[in-house]
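Since the structure comes first, as structure tokens, the remarks are kept for the end.
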Amino acid sequence: MWYVSYGANTDPARLGCYIAGGTPPGGSRANPGCRDGTPPRESRAVWLPGAVYFALESPMWGGGLALYDPAEPGRAAARAYLVTAEQFADVAAQEMYRSPGTDVDLGALLRDGRLRLGEGRYETLVHAGDLDGRPLVTFTAPWRCADVDTAAPSAAYLRTVGGGLAAAHGWPHRETAGYLAGLRGCGWREDAIMALFTGNTQQDR
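In this text, residue positions in the sequence shown follow this note's numbering: the first is 1383, and each later residue adds one.
Dropping the structure here:
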């Protein structure tokens, strides 16, 4: 199956901390890792129907989190990783601040297109289509983006998301910054995001 990330896990190094365990650069919390620590077999640049927005506050990074609303118009840039069902379940559990080790009912998810495991952020699984005959699955919050206050992401988080998307999609800094600045709740100007990638940190938001 394909695990699809539209946030920090678009960066393979960050995802690696969920799979093999560890603390990502700029993060504040160690992850235990998956039962199977094998790296993903493949990754692809993909687009999801819907929109990404920033809201809530990340315990790991500070600032807002990237969340996905599949019912919004438009499309969202993302990165898909070919993983096992067990690995997906363990990554999802760690995103939910649960201990890995419990499998997900993929049958129910694929049948209904959505599976709610809780009321919090990243506790709703979404089947967002298929790629090469395998399901594209991600997780997000159960609410609509219009139902929650937005919150700008931290510099470290935005740099990680942008770096992962740029590497996956082959984007230059300007295209990456323009995409991120256009997301609901980002709160960063395009030139300030550019500065995160170029090291010119004198720019403000």
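Positions of the beta carbon are idealized from the N, C-alpha and C atoms, including for glycine.
Source: prediction; values computed, not measured.
Please report the distance separating the alpha-carbon of residue i from that of residue j.
i, j, result
"ALA1427", "GLY1456", "17 Å"
"ARG1498", "THR1405", "27 Å"
"ARG1396", "ASP1494", "30 Å"
"ALA1453", "VAL1519", "15 Å"
"LEU1562", "PHE1579", "12 Å"
"ALA1437", "ALA1474", "19 Å"
"CYS1568", "GLY1581", "19 Å"
"ALA1402", "ALA1390", "16 Å"
Can you tell me which residues form a DSSP beta bridge with residue i?
i, result
"TYR1435", "LEU1449, ARG1566"
"GLY1403", "DSSP, once it has assigned bridges, lists no residue as partnering GLY1403."
"PHE1521", "LEU1507"
"SER1425", "TYR1463"
"ALA1458", "LEU1430"
Run the CB neighbour count on residue i, radius 10 Å, all protein chains shown included, and call it buried at 16 or more, exposed below.
i, result
"GLU1424", "exposed"
"GLY1545", "buried"
"THR1558", "buried"
"GLY1515", "exposed"
"SER1481", "exposed"
"THR1484", "exposed"
"ALA1490", "exposed"
Under 6 Å Cβ to Cβ from residue i, same chain only, skipping five residues before and after it: list those, please.
i, result
"TYR1504", "GLU1477, MET1478, PHE1521"
"ASP1393", "THR1542, GLY1545, GLY1546"
"VAL1465", "TYR1385, PRO1422"
If you follow the beta strand (DSSP E) that residue i is part of, which residue opens it and which one closes it?
i, result
"TYR1385", "1384–1387"
"ARG1498", "1496–1498"
Give me, in chain order, the residues of the same chain whose beta-carbon lies closer than 7 Å to that of residue i; leave out the 5 immediate sequence neighbours on both sides.
i, result
"MET1442", "GLY1409, SER1410, ARG1411"
Provide the residue span of the alpha helix (DSSP H) that contains residue i, from first to last.
i, result
"MET1478", "Counting along the chain, MET1478 falls outside any alpha helix (DSSP H), and DSSP gives it neither H nor E."
"GLY1544", "1537–1551"
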